[in-house]
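Peer 1: Heads up: the protein sequence lines correspond to chains U and G, in order.
Everything in the first sequence is counted per the working numbering, starting at 216 for the first residue and increasing by one.
Everything in the second sequence is counted per the working numbering, starting at 64 for the first residue and increasing by one.
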Amino acid sequence: MPWLASVYANHLRNRASFLIFSVKFMTVHVLTANRLLDGAPLYLADGERWVDALANAKVLRTDDEREHHLAWARAQEALVCDPYVLDVTETTGGPVPTSARERIRAGGARPVLERLGYGEGQ
Amino acid sequence: MYAYDQYDQTLVHERARQFRGQVARRISGEITENEFKPLRLQNGLYMQLHAYMLRVAIPYGLLSSKQLRTLAHIARVYDRGYGHFTTRQNLQYNWIDLKRMPDLLDELASVEMHAIQTSGNCVRNITSDPYAGVAVDEFEDPRPYAELLRQWSTFHPEFAALPRKFKIAITGAERDRAAIAVHDIGIRLVRREGDGAVGLSFLVGGGQGRTPTLGAVIRPWIEKEHLLSYTEAILRVYNRFGRRDNLFKARIKILVKSLGADEFARQVDAEWERIKDSELKLESSEIESMKAFFAPPSYDSSAGGSLDAQRLSKNRPYARWVERNVERHRVPGYAIASISLKTRDLPTGDLTADQMDAVAALADEFSFGELVVNHRQNLVFPNVRIDALEALWKRLETLGLGLSNVGTITDIVCCPGLDYCSLANARSITVASALQERFADAGRADEVGDVTLNISGCINACGHHHVGNIGILGIDKQGVEHYQLMVGGSHEDDASFGKILGPAFTQEEIPNAVDRLVSAYVALRTSPEERFLDTYRRLGDAPFKERVYARD
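#1: Ends of the alpha helix (DSSP H) at G/Tyr381?
#2: Just to confirm the assignment, what range does the beta strand (DSSP E) spanning G/Asp413 have?
#3: Within 9 Å (strictly less), CB to CB, does U/Val238 reach chain G?
#4: Is G/Lys405 buried or exposed, if buried means 16 or more other CB atoms sit within 10 Å of its CB?
#5: Just checking: is the beta-carbon of U/Thr313 within a distance shorter than 9 Å of some beta-carbon in chain G?
#6: Report yes or no: is there a C-beta of chain U within less than 9 Å of the C-beta of G/Glu170?
#7: Note down, in chain order, every chain G residue with its Cβ under 7 Å from the Cβ of U/Tyr333.
#8: Cβ of G/Asp539 less than 9 Å from any chain U Cβ?
#9: Looking at C-alpha atoms only, which residue of U/Leu331, U/Asp302, U/Val266, U/Thr277 is the closest neighbour of U/Ala366?
#10: Residues of chain U with a CB under 7 Å from the CB of G/His136: which are they?
#11: Taking only beta-carbon positions, decide if G/Gly92 is within less than 9 Å of chain U.
#12: With a threshold of 16 other CB atoms inside 10 Å of the CB of G/Gly257, please say whether the residue is buried or exposed.
#13: Would the stretch 157-171 of chain G and the stretch 452-463 of chain G be scored as touching if the rule is three or more Cβ pairs under 8 Å?
#14: Contact criterion: CB-CB distance below 9 Å. Does U/Ala260 meet it with respect to chain G?
#15: Might you give, ordered along the chain, the residues of its own chain that have their beta carbon closer than 8 Å to the beta carbon of G/Pro566, omitting 5 neighbours on each side?
#16: Report yes if the CB atom of G/Ile518 is closer than 9 Å to the CB atom of G/Gly531, and no otherwise.
#17: Beta carbon of G/Gly249, beta carbon of G/Arg314: below 9 Å?
#18: Can a CB atom of chain U be found closer than 9 Å to the CB of G/Asp557?
#19: Give the range of the beta strand (DSSP E) segment to which G/Ser376 is assigned.
#20: Just checking, does the stretch 99-118 of chain G make contact with the stretch 373-382 of chain G on the three C-beta pairs under 8 Å criterion?
#21: Between the beta-carbon of G/Tyr65 and the beta-carbon of G/Phe357, is there less than 9 Å?
#22: Please report the straight-line C-alpha distance between G/Ala198 and G/Trp284, rounded to a whole angstrom.
#23: Pop quiz: G/Gln130 and G/Val174 are said to be a contact at Cβ under 8 Å. What is the actual Cβ separation, rounded to whole angstroms?
#24: Measure the alpha-carbon distance for G/His246 versus G/Ala279 and round it to whole angstroms.
#25: I need the DSSP call for G/Thr133, collapsed to helix, strand or coil.
#26: Let me check understanding here. Comparing Cα to Cα, which of G/Pro205, G/Leu580, G/Leu318 lies closest to G/Thr276?
#27: Can you grab the Cα-Cα spacing for the pair G/Ser403 / G/Thr95, in whole Å?
#28: Tell me whether U/His283 is buried or exposed, calling it buried when 16 or more other Cβ atoms sit within 10 Å of its Cβ.
#29: Could you name the residues of the same chain whose beta carbon sits closer than 7 Å to that of G/Pro360, not counting the 5 residues immediately before and after it, in chain order?
#30: Give every residue of the same chain whose Cβ lies closer than 6 Å to the Cβ of G/Leu464, excluding the five residues on either side of it in the sequence, and list them in chain order.
#31: Tell me which residue opens and which closes the alpha helix (DSSP H) that G/Gly84 is part of.
#32: I need the straight-line Cα distance from G/Leu154 to G/Gln440, nearest angstrom please.
#33: Pull out every residue of the stretch 397-413 of chain G whose Cβ sits closer than 7 Å to any Cβ of chain U, in chain order.
#34: Measure the beta-carbon distance from G/Ala224 to G/Ala232 and round it to whole angstroms, keeping in mind my assumption that it falls under 8 Å.
#35: Nearest to G/Met419 by alpha carbon, out of G/Arg139, G/Gln105, G/Phe99, G/Gln72?
#36: Give, in chain order, every residue of the stretch 154-167 of chain G whose Cβ lies closer than 8 Å to some Cβ of chain U.
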């Protein structure tokens, strides 16, 4: 029952997050980079444009798709640095990274500042 | 403290000017990211999880009040109103705008500061004893030698591309407050047996990270005039034979291990024989003129009072602060006061711009305008009159910085972790905050006594978890942050590395686990005088493991 194992593994993965009951069907990817001017995380969306929110990112399902978009992103040096693809799980709320690192990164600056007692900073 | 000459000043201004051009060329597309990245890293600018982070060098942790005011100004104008003091006695800003970096470097240069060699495979910031120059157990002030090393290593063309980063610490005291055993090179000013002459002892190959290793003494004593030539000989051997094929095996500790300390020392000696009489040999006049920069301030010979009397003050919160945060000074009537940056309001090591300004004003009023950042992420006022301590404490209290927890379980050392760092696997500040809450009761912290607690968000060990009496290491287990609990580390003269106690804990579980560990110590110690580390070393990990992993 590999699908059941997959569901269980996904449950474990997300038990610290709000997506306790999400179901993972396959490993898919999202393309990300950091904005050149301020380093903020950006995600590739449909229509080959960059967006701030991971929820609006385009899900990449094949090797060809990943390679094609990575090549495009690498040519976007005027806007971004160091593009790469990350593993995500598809959920009803959009793609969710499988690693804690990428979930926190996708959360953005505001939760960090609030969590650490700085509000939104100055 | 050292004052820049025209060469130093030209150097930092030139560097800022060069970086202005480099940033402009990167933004215009004239140079690629691959070309730009090493340039920005050479100026301490890292790409982190959410933004650029800038690491500013604070040589051997020593700051003037004027410099701290500029750091406050930068925090306010160029960042989000705060900065973070690190375990390498530096300062980091977390939200830097690339376009404004050149202006920021100009601001730093205006107060004899920079971010040069705070990143990359070069000699990093030289660290030292925060009590340098005022410690009662000091053979000789290490700061002149630290400054000579800083100047020698800055833009050293031969060592601009070492196999890996390189960290040097130096102390001149009997008690090691600079963690020299866990540095690539640890230097200690020591007395030679027999004639008592003060010279240098060299340890090599210490470090934390993936392969924690204690440095080995390769030269027990050498004349001070050979500080630079002997250090250069070590770097030459490392630069020639250190591994460049594997990032994880590139530090000098791996080379020293593979050759053996004796063979490594032999090769260093052979190299040193060739260069020991070169221009690297320090003239006594050079050492003396450097010492003049670190001459003691004008102490008031009429200053009086005793620390013992302060500890008996009827003002109990103040007396507790003296007990925990104040140490003896070599000059009668003066004391060394630590300001804890382990408050419950802000993350470990953080200070707001307003607090920086206020601390700078206090340094002017109470400590001859100087302060020191130590490797446990606290600030030290090295020269406070004993009869002014209570006034200082009252002022610190109004700033929220009067906490009396130095050396206790809430004096937690903690890296930025996964809230900021792109290398981290888990958050560390969150865990530090939870533990500070857990042990907020001062009575409980006092009952536990002296214990060091260090947290790192990944194996790179910026939070020095290996050498905490209690160490916590963040890991990612199937996408969920977990924490390994380690016990038995020490960064002092009895340096040792902690051992993992057992299976990792979740973020929710770790405060209870530490609580059980600490309760086990209190139950197992022979008396309140037996330190946590001594109880652990006496009993081993079995009784601690049993209690920490006991089912409720």
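Positions of the beta carbon are idealized from the N, C-alpha and C atoms, including for glycine.
Peer 2: In short, the structure shows the following:
#1: 379-388
#2: 413-415
#3: Confidence at U/Val238 is low in this model, with a pLDDT of 49, below 50, so its placement is unreliable and the value that follows should be read with caution. No - not a single Cβ of chain G is within 9 Å of the one on U/Val238.
#4: buried
#5: yes
#6: no
#7: For U/Tyr333, the C-beta contacts it makes with chain G under 7 Å involve Arg143, Tyr145, in order along the chain.
#8: For G/Asp539, the answer is yes, since a Cβ of chain U falls inside 9 Å of its Cβ.
#9: Past the edges of chain U, shown from 216 to 337, lies residue 366 of chain U, and the structure says nothing about it.
#10: Neighbours of G/His136 on chain U: none; closest Cβ ~12 Å, over 7 Å.
#11: yes
#12: By the neighbour-count rule (16 or more Cβ atoms within 10 Å), G/Gly257 is not buried but exposed.
#13: no
#14: Closer than 9 Å: no.
#15: Tyr612
#16: Cβ atoms of G/Ile518 and G/Gly531: closer than 9 Å.
#17: no
#18: no
#19: No beta strand (DSSP E) holds G/Ser376; DSSP gives it neither H nor E.
#20: Counting Cβ pairs under 8 Å, fewer than three are found: no touch.
#21: Yes.
#22: 22 Å
#23: That belief holds up - the Cβ atoms of G/Gln130 and G/Val174 are roughly 5 Å apart, short of 8 Å.
#24: 10 Å
#25: Looking at G/Thr133 - three-state DSSP - the assignment turns out to be helix.
#26: G/Leu318
#27: 43 Å
#28: Per the 10 Å Cβ criterion, exposed.
#29: The residues are Phe431, Asn446.
#30: Cβ neighbours of G/Leu464 within its own chain (closer than 6 Å, five residues either side excluded): Ile402.
#31: 69-91
#32: 10 Å
#33: Asp408, Leu409, Pro410
#34: Not confirmed; about 22 Å, so no contact.
#35: Here the closest residue by C-alpha is G/Arg139.
#36: For the stretch 154-167 of chain G, residues whose beta-carbon sits nearer than 8 Å to a beta-carbon of chain U comprise Trp158, Ile159, Asp160, Leu161, Lys162.
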